[in-house]
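This report refers to the structure that appears directly beneath it.
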Amino acid sequence: MPRSSSRRHQIKFRTSFSNTIYDVLVGRGWKETDSETEWDVHWAEREWVYEVFDTMHLEPHQRINHFRNGRELCRKDLLVKNLKRMKRNLQRDGQVEQARAYDFMPLSFALPREYAMFVEEFKRSGGIWIMKPIGSAQGRGIFLFTRLSEISEWRTDPRHRGDKNNDDRAEPEAYIVQRYIDNPYVIGGKKFDIRLYVLVTSFSPLVAYLYRGGFARFSHTRYSAEPADVANNFVHLTNVAIQKTAENYDARSGGKKDLRSLKLLMASRHGMKAVDELFLAIERVIVNASPSLSANTKEDYALKCEMLNDAMDLVDVEAKLNGDEESVGGFDLIYEGGVVQHDPENCEWSTRLGTAIFRRPPSSSSGSGAAAPPHGNAAAAATSDDERQQHHQTTT
Ligand SMILES: Nc1ncnc2c1ncn2[C@@H]1O[C@H](COP(=O)(O)OP(=O)(O)OP(=O)(O)O)[C@@H](O)[C@H]1O
Numbered sequence: 001m002p003r004s005s006s007r008r009h010q011i012k013f014r015t016s017f018s019n020t021i022y023d024v025l026v027g028r029g030w031k032e033t034d035s036e037t038e039w040d041v042h043w044a045e046r047e048w049v050y051e052v053f054d055t056m057h058l059e060p061h062q063r064i065n066h067f068r069n070g071r072e073l074c075r076k077d078l079l080v081k082n083l084k085r086m087k088r089n090l091q092r093d094g095q096v097e098q099a100r101a102y103d104f105m106p107l108s109f110a111l112p113r114e115y116a117m118f119v120e121e122f123k124r125s126g127g128i129w130i131m132k133p134i135g136s137a138q139g140r141g142i143f144l145f146t147r148l149s150e151i152s153e154w155r156t157d158p159r160h161r162g163d164k165n166n167d168d169r170a171e172p173e174a175y176i177v178q179r180y181i182d183n184p185y186v187i188g189g190k191k192f193d194i195r196l197y198v199l200v201t202s203f204s205p206l207v208a209y210l211y212r213g214g215f216a217r218f219s220h221t222r223y224s225a226e227p228a229d230v231a232n233n234f235v236h237l238t239n240v241a242i243q244k245t246a247e248n249y250d251a252r253s254g255g256k257k258d259l260r261s262l263k264l265l266m267a268s269r270h271g272m273k274a275v276d277e278l279f280l281a282i283e284r285v286i287v288n289a290s291p292s293l294s295a296n297t298k299e300d301y302a303l304k305c306e307m308l309n310d311a312m313d314l315v316d317v318e319a320k321l322n323g324d325e326e327s328v329g330g331f332d333l334i335y336e337g338g339v340v341q342h343d344p345e346n347c348e349w350s351t352r353l354g355t356a357i358f359r360r361p362p363s364s365s366s367g368s369g370a371a372a373p374p375h376g377n378a379a380a381a382a383t384s385d386d387e388r389q390q391h392h393q394t395t396t
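Using the working numbering, the final residue of the sequence shown is 396, and nothing's skipped along the way.
Here it is as structure tokens:
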């Protein structure tokens, strides 16, 4: 795609969403269209892209928000399958150290297919396990258990049948069963997870950018791994969709703490170096096709709009980039066919505390050999299925 001159025509977008992404696209002065073919940006539903991608023709200037095979990394069972396969291949090739990098995933089995293997492991080791429907989001259908009989209920209960007509012969719904991490890092006694935004502009070679902003999603009930609390989702599941139904839910903060405050707090406990190292390790394991783009607070709305606006700059709809940028807005290149290694001699630590990566001073930004032009038609940042046709009030 020629990048020397900016395109002058009116940019047109298509979307069925009406949350932050809609506001951002309109805010850029772009025009909404219903046309099936005449658009520059299509912010589409994930399943739709998976279905039609192979039969659609994309012009070089057109951008769509999912890859055709995104579910290979973003559906829970396929992610497990691919991570296991990758690890096996590395072990087979004698790359022991690289294979070990895949140990971050707790022991997992795809049900019902690997039920017998799971039962063998469960009888051997016991403990707390977590069941997650393979294609769901927002904590829906997730539950913890400590006894096999609880799984038997899942196997026989019609509510968990793949066939919604309650056909007794239908297979139980597909789940991932995973060893539960029962000693999470807590703040104020509460469990949290972290929402980061990654924009993947190409899968071959893999090119990924990480956004500096993000937030932690907190539970509202103190963490406990006691048997009496195992069934209490308010203790164990940090999804906002779950937490907002808790009695003590704090609607003002939305249960969220921005990434910068989180890192400062952790730095005050452990030192900045430890926090930077932690976030570099996190960078190596981030994957998600559907971060919620709806907002439940003013801050949330501002963060998501700013992130999406920068994402639109990065996928270069208006053909304004040179193609060798390592940072665009809040997005920093972290992977381009391999981990982007910045020379510490030439770099300074980010002072924005968003992500812990080396940031090159502006004067030495060119000729690094690490940068890649943002390219490809797709960008893996999307919206949860539940957000279709919704406005700003929904949450993950
Ligand atoms: N193996 C595990 N050990 C401990 N906690 C877990 C484990 N797997 C998932 N969780 C917790 O369960 C909750 C839901 O997990 P996750 O966010 O992956 O589900 P989801 O339904 O796909 O949600 P979302 O759509 O918001 O990403 C989170 O609080 C997460 O920390």
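Heads up, the beta-carbon is just placed ideally off N, CA and C, and yes, glycines get one too.
This one's a predicted model, so the numbers in the text were calculated from it and none came from an experiment.
Proximal residues to residue i (C-beta, below 7 Å), its chain only, five neighbours per side dropped
i: I151; result: F145
i: S224; result: V235
i: I134; result: R75, K76, D77, A174, Y175 and I176
i: V287; result: L73, C74 and L79
Pairwise C-alpha distance: residue j and residue i
i: P291; j: Y185; result: 22 Å
i: L199; j: D310; result: 10 Å
i: T221; j: N183; result: 15 Å
i: Y197; j: T33; result: 27 Å
i: F13; j: V328; result: 21 Å
i: F78; j: M131; result: Correcting the residue identity first, residue 78 is Leu in this sequence and not Phe. One C-alpha to the other measures close to 15 Å.
i: H66; j: S204; result: 15 Å
i: L210; j: S149; result: 42 Å
i: G29; j: E51; result: 30 Å
i: L293; j: E47; result: 17 Å
i: R71; j: K81; result: 12 Å
i: W39; j: R63; result: 9 Å
i: Q243; j: K304; result: 20 Å
i: Y249; j: F215; result: 17 Å
i: E129; j: I282; result: One detail in the question is off: residue 129 reads as Trp in this sequence, not Glu. In a straight line, the C-alpha of W129 is about 23 Å away from that of I282.
i: D93; j: A101; result: 15 Å
i: W154; j: D258; result: 37 Å
i: H9; j: S35; result: 16 Å
i: V340; j: L280; result: 12 Å
i: L308; j: G141; result: 29 Å
i: Y22; j: V317; result: 16 Å
Cut-off 6 Å between Cβ atoms - residues of its own chain near residue i, not counting five sequence neighbours on either side
i: L90; result: Q98 and A99
i: F218; result: K190, F192 and G255
i: F143; result: M131
i: M105; result: L83
i: T297; result: G254
i: H42; result: R14 and I64
i: L107; result: R179
i: L262; result: A216
Run of the alpha helix (DSSP H) containing residue i, from where it starts to where it stops
i: M266; result: L259 to H270
i: Y115; result: Y115 to S125
i: E97; result: V96 to R100
i: Y249; result: That residue, Y249, is in no alpha helix (DSSP H); it is neither H nor E in DSSP.
i: E299; result: K298 to L314
i: L111; result: That residue, L111, is in no alpha helix (DSSP H); its beta strand (DSSP E) goes S108 to L111.
i: A137; result: Per DSSP, A137 belongs to no alpha helix (DSSP H) and is neither H nor E.
i: A398; result: Because the chain here runs from 1 to 396, residue 398 falls outside it and cannot be looked at.
i: I21; result: T20 to G27
i: R75; result: From DSSP, R75 is part of no alpha helix (DSSP H); its letter is neither H nor E.
i: F104; result: First-last for F104: undefined, no H or E at that position.
i: V317; result: Note, V317: premise wrong, no alpha helix (DSSP H); not H, not E.
i: N233; result: N233 to H236
First and last residue of the uninterrupted beta strand (DSSP E) at residue i
i: W48; result: W48 -> not in any beta strand (DSSP E); alpha helix (DSSP H) instead, spanning R46 to V52.
i: G213; result: L206 to F218
i: V177; result: Y175 to R179
Which residues DSSP lists as bridging residue i, in chain order
i: L144; result: I130
i: L199; result: Y209
i: W43; result: T15
i: F331; result: Y211 and V328
i: F192; result: F218
i: E38; result: DSSP, once it has assigned bridges, lists no residue as partnering E38.
i: R88; result: Looking at the DSSP assignment, R88 forms no beta bridge with any residue, so it has no partner.
i: K256; result: R217
i: I151; result: Answer is none; I151 lacks a bridge partner.
i: E283; result: Per DSSP, none; premise fails for E283.
i: E32; result: F13
Sequence-distant residues of its chain with Cβ nearer than 8 Å to residue i (five each side left out)
i: Y335; result: L206, V207 and A208
i: D313; result: K320, L321, V328 and G329
i: P227; result: T146
i: H57; result: none
i: G126; result: T146
Closer than 7 Å: residue i CB and nearest ligand 2 heavy atom
i: G139; result: Ligands in the displayed structure: ligand 1; ligand 2 is not one of them.
Evaluate contact between the stretch 274-281 and the stretch 229-246, counting only Cβ atoms and requiring at least three cross-stretch pairs below 8 Å. no
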